[in-house]
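Residue numbers (this note's numbering), protein chains in the order written: chain C, 510 to 708; chain D, 510 to 708.
Before any comments, here is the structure.
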DNA sequence: CCATAGTTTCAGTATCTACTGAAACTATAG
DNA sequence: CTATAGTTTCAGTAGATACTGAAACTATGG
């Protein structure tokens with residue numbers, strides 16, 4: 510019996526059925542989706558949102574809310590809200606099919622664009638507040654440091670220098686970042702072109 | 510009464526006491542530490558570790574475990590383990606003071622170096638596995654796609670194209686990244702110099 | 001070998017975030 | 001207006017992570 514199965518495989522190497530192919534495609538997609546979700550989770554994007562996006566990206570087809578629910582085993586509320594959030598970010602789009610009331614969603618196809626959107630959002634929400642805090646700290650240390658002991662003076666100076674170091678780093682990083690992001694929207698960007706030329 | 514207070518301030522503008530200065534420094538440092546901890550949390554570095562590092566960075570002084578515990582109100586176990594983890598990462602160092610058995614810790618002072626260490630670690634833990642998964646998916650779709658319907662063939666091809674798009678993006682991003690990181694260790698790096706020249 | 005400083009482990013707990021399932025609400029076609 | 005598709009809200013809960021406090025363990029100086 511075992512032999513007959515394996516011999517069958519040998520006889521019909523190219524005859525994998527349509528069902529097999531579909532299952533294989535499905536499995537490959539799920540592998541990608543799962544990994545993408547895990548990565549998203551450690552990047553401050555919640556797992557489900559990352560998975561929905563991965564699904565739309567990898568299938569390269571418009572799917573409706575029920576498709577997403579079924580494929581990822583999530584509730585209607587979750588699917589609906591997550592899809593809306595992804596639309597708000599602009600990394601997926603709503604799509605109508607004429608003659609159908611039902612709405613479909615599809616992912617942007619350009620990875621550079623997707624990442625530039627995500628990255629800009631993260632910069633705004635995470636880098637900018639830190640820069641603001643650094644400035645605030647600098648203001649707090651800018652006033653009234655006359656008359657203290659030498660030791661205190663040097664402590665204040667040391668902290669100020671550290672704040673400056675951090676500020677400089679973030680400002681420069683932001684500049685690089687904006688080049689990367691701004692350029693990405695116009696296809697292969699300036700930074701990339703420069704780098705590929707240079708190395 | 511109110512007037513007398515304000516006039517006193519005018520008369521002695523430079524006479525803020527040593528205690529005031531210390532409190533002010535302390536507050537500014539805490540502000541930074543808190544914000545840094547929040548940022549770390551959304552970046553996959555846990556809040557306490559980020560705070561410990563922020564403390565050592567911003568005070569610019571070697572502190573011992575008990576200092577850290579007291580300043581951040583955390584338990585001995587937590588402090589000890591987090592300090593060890595930071596040492597393992599290499600963004601803080603142990604330091605001995607002669608004649609004392611007690612160990613002190615101090616932060617690297619170069620922000621570029623700190624970030625290149627953190628970033629490399631994140632790349633290794635998060636980007637690399639994704640690249641690996643993409644390759645795995647490609648292998649899964651590389652075999653046995655003969656004999657299926659035209660629709661199935663096109664689905665498989667579409668998914669393959671998406672995998673390729675993602676792979677290309679990650680490979681290029683990794684290259685940029687390594688330049689950034691590798692160069693950072695040698696002070697202002699190649700990427701930065703290129704960019705500052707170009708823009 | 002003892003005393004002490006320091007480190008690691010761990011069970012229990014607190015905290016946080018995301019998710020479900022249901023209900024309420026809104027929009028549209030007929 | 002009614003039926004239906006679709007969206008939003010929310011209370012309760014599940015699951016994950018990180019933290020504490022204590023105990024066990026390790027290393028070192030004397």
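Note that the Cβ used here is the ideal one computed from N, Cα and C, for glycine as well.
Nearest candidate by alpha-carbon position, reference residue i, set the options
i              : options                           : result
residue 628(C) : 544(C), 531(C), 676(C) and 554(C) : 554(C)
residue 535(C) : 597(D), 529(D), 595(D) and 647(D) : 647(D)
residue 587(D) : 651(D), 561(D) and 603(D)         : 561(D)
Rounded C-alpha distance that separates residue i from residue j
i              : j              : result
residue 625(C) : residue 600(C) : 10 angstroms
residue 615(C) : residue 645(D) : 24 angstroms
residue 621(D) : residue 551(D) : 20 angstroms
residue 636(D) : residue 609(D) : 43 angstroms
residue 679(C) : residue 532(C) : 47 angstroms
residue 682(C) : residue 683(D) : 16 angstroms
residue 537(D) : residue 568(D) : 10 angstroms
residue 529(D) : residue 687(C) : 41 angstroms
residue 597(C) : residue 540(C) : 26 angstroms
residue 557(D) : residue 573(D) : 16 angstroms
residue 663(C) : residue 670(C) : 10 angstroms
residue 603(D) : residue 641(C) : 31 angstroms
residue 544(C) : residue 559(C) : 10 angstroms
residue 660(D) : residue 590(D) : 56 angstroms
residue 685(D) : residue 607(D) : 44 angstroms
residue 542(C) : residue 575(D) : 45 angstroms
residue 546(D) : residue 632(D) : 21 angstroms
residue 623(D) : residue 630(D) : 11 angstroms
residue 571(C) : residue 634(D) : 32 angstroms
residue 517(D) : residue 668(C) : Here the model assigns residue 517(D) a pLDDT of 39, short of 50, so the residue's position is not dependable, and the following value carries that caveat. Roughly 29 angstroms separates the two Cα atoms.
residue 582(D) : residue 605(D) : 24 angstroms
Counted within 10 angstroms of its Cβ, other Cβ atoms place residue i as buried (16 or more) or exposed
i              : result
residue 618(C) : exposed
residue 585(D) : exposed
residue 690(C) : buried
residue 462(C) : Because chain C is modelled from 510 through 708, residue 462(C) falls outside the range shown and cannot be assessed.
residue 658(D) : exposed
residue 592(D) : buried
residue 595(C) : buried
residue 673(C) : exposed
beta-carbon residue i near the ligand ATP non-hydrogen atom, thresh 7 angstroms
i              : result
residue 549(D) : Annotation note on the ligand ATP: not contained in the displayed structure, which lists no ligands.
Nearest-angstrom beta carbon gap, residue j and residue i [assumed within contact, 8 angstroms]
i              : j              : result
residue 580(C) : residue 565(C) : 10 angstroms between Cβ atoms; not a contact.
residue 650(D) : residue 665(D) : 6 angstroms
residue 643(C) : residue 612(C) : 44 angstroms between Cβ atoms; not a contact.
Which complete beta strand (DSSP E) runs does the region 529-601 of chain D hold, if anything under 3 residues is left out?
DSSP runs (the beta strand (DSSP E)) wholly in the region 529-601 of chain D: none.
Which runs of the alpha helix (DSSP H) at least 4 residues long sit entirely within the region 621-646 of chain D? Give them in chain order.
Listed in chain order, there is nothing to give.
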